[in-house]
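Residues are numbered in the numbering used here as their position in the sequence shown, beginning at 1, plus a constant of 166. Virtual Cβ for every residue (Gly too), placed ideally from N, Cα, C. These figures come from a predicted structure and were not determined experimentally. The structure under discussion appears below in the form of structure tokens.
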Amino acid sequence: MSELLNEYVSYEPPKSVCFGHQTRIKNARSAWPLVESFLEKRTTSTLNEHISLRCVLPFSGPVDVFNAYRSHANNVLGTCDEGTWHFTPAQFKEALNLSFEEDLWPRQSAGGPACLSFSYTFAWKAPFEPLASGLPITSRLNVLIEAQRIFLQPHFIFPWSWSSSELREFLCCIQGDLPLDLREQYFKRLVSTKSGGSRALKLPKGWMNAAQQQVQGPTSPPSAEPRP
């Protein structure tokens, strides 16, 4: 089996940036349709079972907003919980609406007053067959909605070699639909090992920009205006 069939590319931000990115649009209500559209258009996804909503206490100062939101959530859900609620995928819309309703109160310095967390696993809808063989090709997207913002923690698997035309074309294809901005330094080349695992290798600096240029073609400089 050739080397091209034994490697793939992953995308995962490091711990130093809390493993993720904020969405391109800051406001959670406005950004969520972009996340939904991306998942529907570019992936075949499954909403995972663990969906939780919790109240976020401020680091210091009054807890009026915390108490008010907790009371609101309990009233809506018909519960008397202390500040954490769990939902099934069938109840997701209810959880999502509750998280958006935190904008009825001021944003808190420590985040909150609410934090909704959930995740998706998915495979890409791609016009190319995966080139990676015997390697994990399922991607994951963790989502946190807090303080009227959406924070995304992607673990994307691209089942093609970093130098393949399929990867170059696919990255260019999904750029406009992604709800976040991909950063070159967070890509890794993963090569399978004899033990059945994989090892991560750095990619050459500038590879992503070069890949885009190969797909889109070189940009021609504007022609000079003829002199009178």
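By the Cβ criterion, the region 204-216 is not in contact with the region 267-281, since fewer than three pairs of Cβ atoms, one from each stretch, lie closer than 8 Å. Secondary structure within the region 331-364: the alpha helix (DSSP H) runs of 4 or more consecutive residues, fully enclosed, are 331-340 (chain order). In this structure, the alpha-carbon of residue 202 lies about 21 Å from that of residue 280.
The region 318-332 and the region 252-260 do not touch, with fewer than three beta-carbon pairs separated by less than 8 Å. Straight across, the Cα-Cα distance linking residue 193 with residue 370 is about 35 Å. Around the beta carbon of residue 355, a 10 Å sphere encloses 16 or more other beta carbons of the protein chains shown; the residue is thus reported as buried. When C-beta atoms of the region 215-223 are compared with those of the region 245-255, three or more pairs fall below 8 Å, so the two segments count as touching. By the Cβ test, the region 179-192 is not in contact with the region 225-242, since fewer than three Cβ pairs between them sit closer than 8 Å.
Per the C-alpha coordinates, the member of 328, 305, 346, 263 positioned closest to residue 366 is 328.
Put simply, of 229, 225, 288, 311 the residue whose alpha carbon is nearest the alpha carbon of residue 265 is 311. For secondary structure counted as the beta strand (DSSP E) over 3 or more consecutive residues, the region 275-323 holds these complete runs in sequence order: 280-290, 305-312.
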